[in-house]
Amino acid sequence: MKYVTPDLCDAYPDLIEVVEPMFINLGGRDSFGGRIVTIKCFEDNSLVKEEVEKPGQGKVMVVDAGGSFRCAMLGDMLAEKAVENGWEGVIIYGCIRDVDAINQLDLGVQALGTHPKKSEKKGVGEYRVPVSFGGVTFVTGDYVYADNNGIIVSPEPLTMPE
Numbered sequence: 015m016k017y018v019t020p021d022l023c024d025a026y027p028d029l030i031e032v033v034e035p036m037f038i039n040l041g042g043r044d045s046f047g048g049r050i051v052t053i054k055c056f057e058d059n060s061l062v063k064e065e066v067e068k069p070g071q072g073k074v075m076v077v078d079a080g081g082s083f084r085c086a087m088l089g090d091m092l093a094e095k096a097v098e099n100g101w102e103g104v105i106i107y108g109c110i111r112d113v114d115a116i117n118q119l120d121l122g123v124q125a126l127g128t129h130p131k132k133s134e135k136k137g138v139g140e141y142r143v144p145v146s147f148g149g150v151t152f153v154t155g156d157y158v159y160a161d162n163n164g165i166i167v168s169p170e171p172l173t174m175p176e
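At position 153 of the sequence shown (counting the first as 1) the number is 167 in our numbering, and the numbers step up by one without a gap.
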């Protein structure tokens, strides 16, 4: 489904929260949205790897990578696995790599930037805990919508106005 965040903001002004503008739209989908699944990890994408291997229909993975600019938390192989398993998108408060390949995939991806170095793999992090960045708290089970205009969060699913 195509989402237009300004239209959703206009239609649901009392329901949504807007993430501060700091993200870049880097995936193959211009817009995406779905139920939030959170991961909190810092410079270790082990839990991201585990999560993309699970069914992701209707879901968006929100990764709090601590805003790190020292490594990438998502690369082409994990992004391809996310597509295979039906994920709508991934929002990373950190960096990704293999951006040219990821841009060709049917996956929404927003991140702070790109970095060529891969992350550590020590299995460190937390699943499904509230994470906060950009002035918003993301809670597993809430909803997130993203496009070239920005990212918004809602406790309820939103439908595009007619």
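We treat Cβ as the ideally placed atom computed from N, Cα and C, and that holds for glycine.
Which class does residue i belong to by DSSP, given the choice of helix, strand or coil?
| i | result |
| --- | --- |
| Ala-79 | coil |
| Lys-73 | strand |
| Asp-58 | strand |
| Glu-64 | helix |
| Leu-92 | helix |
| Glu-140 | strand |
If you draw a straight line from the alpha carbon of residue i to that of residue j, how long is it in whole angstroms?
| i | j | result |
| --- | --- | --- |
| Val-158 | Gly-72 | 11 Å |
| Pro-35 | Tyr-26 | 19 Å |
| Lys-131 | Arg-84 | 8 Å |
| His-129 | Ala-86 | 5 Å |
| Ser-60 | Lys-95 | 14 Å |
| Asp-112 | Asp-28 | 38 Å |
| Gly-81 | Glu-176 | 36 Å |
| Ser-168 | Ile-105 | 15 Å |
Taking residue i and residue j to be in contact with their CB atoms under 8 Å, please state how far apart those CB atoms are, rounded to whole angstroms.
| i | j | result |
| --- | --- | --- |
| Gly-47 | Val-74 | 7 Å |
| Ile-30 | Gln-124 | Actually they do not touch by this definition, with Cβ atoms about 16 Å apart. |
Provide the residue(s) that pair with residue i in DSSP beta bridges, ordered along the chain.
| i | result |
| --- | --- |
| Ala-86 | Cys-109, Lys-132 |
| Asp-161 | Gly-164 |
| Tyr-177 | The structure shown has nothing for residue 177, since the chain only spans 15 to 176. |
| Thr-173 | Answer is none; Thr-173 lacks a bridge partner. |
Near residue i, which residues of its chain fall below 6 Å by C-beta distance, leaving aside the five closest residues on each side in sequence?
| i | result |
| --- | --- |
| Pro-144 | Thr-151, Val-153 |
| Val-33 | Gly-148, Val-150, Ile-165 |
So, for residue i: in the same chain, excluding its five sequence neighbours on each side, which residues have a beta-carbon less than 8 Å away from its beta-carbon?
| i | result |
| --- | --- |
| Lys-68 | Asn-99 |
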